[in-house]
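*Asks:* Residue numbers (my numbering): -19 to 171.
Mind looking over this structure? Questions follow.
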Ligand code: SF4
Ligand code: SF4
């Protein structure tokens, strides 16, 4: 596999032009300017015309501008709150078993109407590896990989241990991901 790496030529001999130093400095400045001015002009054009897509620069002005997240993106795993306001989770424990780093723990209980639900559900976001296996294992579409990438960092790891209330998100806020997993993960083309 060594062939795929570039070798550093340490015994390089500089030409007279390179040894003059100043021309090489000027060449470097020309390369920088060749990137800087087209970016500057395209940014000014986008600002004047109000069309950000005209900007050539590859960066965005986060957090004023947010990136477009691909629908396959696996962000913070969350629990789905159904249209009736209840958690869709039936506390079967499959996500807990499927989770490779074992960052999910839950206990199940029974409602008065005889349906099962998680009395406690804890997910350690500091341990999660965003593999999505909990989502795949869940028979109820009750846990999904949301597109949330902004609430993943804390200075204190203990704040990344999410309880059930912190994990529950109304299903209408997760429709893009739910649509995606129905079309791409459970559809026949995957079997
Ligand atoms: S995404 Fe993977 S690591 Fe994170 S909770 Fe789900 S199964 Fe566990
Ligand atoms: S989230 Fe899904 S897999 Fe996990 S316990 Fe609830 S119903 Fe079962």
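The C-beta atom is built at its ideal place from N, Cα and C for all residues, glycine as well.
Pick from 75, -3, 60: whose alpha carbon is nearest that of residue 84?
*Replies:* For the purposes of this step, residue 84 is taken as the residue at position 104 of the chain shown. Of 75, -3, 60, the residue nearest in Cα terms is 75.
*Asks:* So, under 8 Å CB-CB, residue 129 and residue 103 are touching, yes? Tell me the CB distance rounded to an integer number of Å.
*Replies:* Working through the chain shown from its first residue, we reach residue 129 at position 149. Working through the chain shown from its first residue, we reach residue 103 at position 123. The Cβ separation is near 16 Å, so there is no contact.
*Asks:* Just tell me which of 106, 147, 140, 99 has its CA closest to the CA of residue 125.
*Replies:* Numbered from 1 along the chain shown, position 145 holds the residue referred to as residue 125. Of the candidates 106, 147, 140, 99, the one whose C-alpha sits nearest the C-alpha of residue 125 is 147.
*Asks:* If the criterion is Cβ atoms closer than 8 Å, does the pair residue 60 and residue 66 meet it?
*Replies:* For this step, residue 60 is matched to residue 80 along the chain shown. For this step, residue 66 is matched to residue 86 along the chain shown. Not closer than 8 Å, so no.
*Asks:* Rounded to whole angstroms, how far is the Cβ of residue 172 from the Cβ of residue 81, which I believe are closer than 8 Å?
*Replies:* Any property of residue 172 remains undetermined from this structure, which presents the chain solely from -19 to 171.
*Asks:* Mark residue 165 as exposed unless 16 or more other C-beta atoms lie within 10 angstroms of its C-beta, in which case mark it buried.
*Replies:* Residue numbering aside, residue 165 sits at position 185 when the chain shown is read from its first letter. Under this definition residue 165 is an exposed residue.
*Asks:* Do residue 120 and residue 70 count as a contact pair if the criterion is CB distance below 8 Å?
*Replies:* Within the chain shown, numbered from 1, the residue matching residue 70 stands at position 90. Within the chain shown, numbered from 1, the residue matching residue 120 stands at position 140. Yes, they are a contact pair.
*Asks:* For residue 125, report the span of its beta strand (DSSP E) as first-last.
*Replies:* Residue numbering aside, residue 125 sits at position 145 when the chain shown is read from its first letter. Where residue 125 is concerned, the enclosing beta strand (DSSP E) stretches over 123 to 125.
*Asks:* With 16 other CB atoms within 10 Å as the buried threshold, where does residue 38 fall?
*Replies:* Along the chain shown, one-based indexing puts residue 38 at 58. It is exposed - the Cβ of residue 38 has fewer than 16 other Cβ atoms within 10 Å.
*Asks:* What first and last residue would you give for the alpha helix (DSSP H) that runs through residue 14?
*Replies:* As a working mapping, residue 14 is identified with position 34 in the chain shown. Residues 2 to 29.
*Asks:* Do residue 145 and ligand 2 come close, with the Cβ less than 7 Å from some heavy atom?
*Replies:* Locating residue 145 in the chain shown gives position 165, counting from the first residue. No, Cβ of residue 145 sits at least 7 Å from all heavy atoms of ligand 2.
*Asks:* Ignore the nearest five residues each way along the sequence and tell me which others in residue 40's own chain have a CB closer than 7 Å to its CB.
*Replies:* By one-based count along the chain shown, residue 40 stands at place 60. The residues are 47.
*Asks:* Locate the alpha helix (DSSP H) running through residue -6, then write down its first and last residues.
*Replies:* Start at 1 with the first residue of the chain shown, and residue -6 comes out as number 14. Segment: none, residue -6 is in no alpha helix (DSSP H) and carries neither H nor E.
*Asks:* In three-state DSSP terms, what is residue 77?
*Replies:* Here residue 77 refers to the residue found at position 97 of the chain shown. If DSSP states are grouped into helix, strand and coil, residue 77 belongs with the helices.
*Asks:* The beta strand (DSSP E) that contains residue 99, what's its start and end?
*Replies:* By 1-based counting over the chain shown, the position of residue 99 is 119. Element bounds for residue 99: 96 to 104.
*Asks:* Which whole-angstrom value describes the C-beta separation of residue 63 and residue 151, a residue pair presumed to lie in contact below a C-beta threshold of 8 Å?
*Replies:* To locate residue 63, count along the chain shown from 1; it is residue 83. To locate residue 151, count along the chain shown from 1; it is residue 171. So it is a contact: roughly 7 Å between Cβ atoms.
*Asks:* Put residue 161 into one of helix, strand or coil per three-state DSSP.
*Replies:* Sequence index remark: in the chain shown, residue 161 carries index 181 (1-based). Note: residue 161 maps to helix in three-state DSSP.
*Asks:* Which residue marks the beginning of the beta strand (DSSP E) containing residue 86, and which one marks its end?
*Replies:* Taking the chain shown and counting its residues from 1, the one referred to as residue 86 is at position 106. 84 to 90 is the span of the beta strand (DSSP E), which, as asked, contains residue 86.
*Asks:* Does the beta-carbon of residue -18 have 16 or more other beta-carbons within 10 angstroms, so that it is buried, or is it exposed?
*Replies:* One-based indexing of the chain shown puts residue -18 at position 2. Here residue -18 scores only 45 on pLDDT, less than 50, and its place in the model should not be relied on; the value that follows carries that caveat. Classification of residue -18: exposed, given that the 10 Å Cβ count is below 16.
*Asks:* Alpha carbon to alpha carbon, how far is residue 98 from residue 90? Give it in angstroms, no decimals.
*Replies:* The residue given as residue 90 occupies position 110 in the chain shown. The residue given as residue 98 occupies position 118 in the chain shown. Approximately 8 Å between the Cα atoms of the pair.
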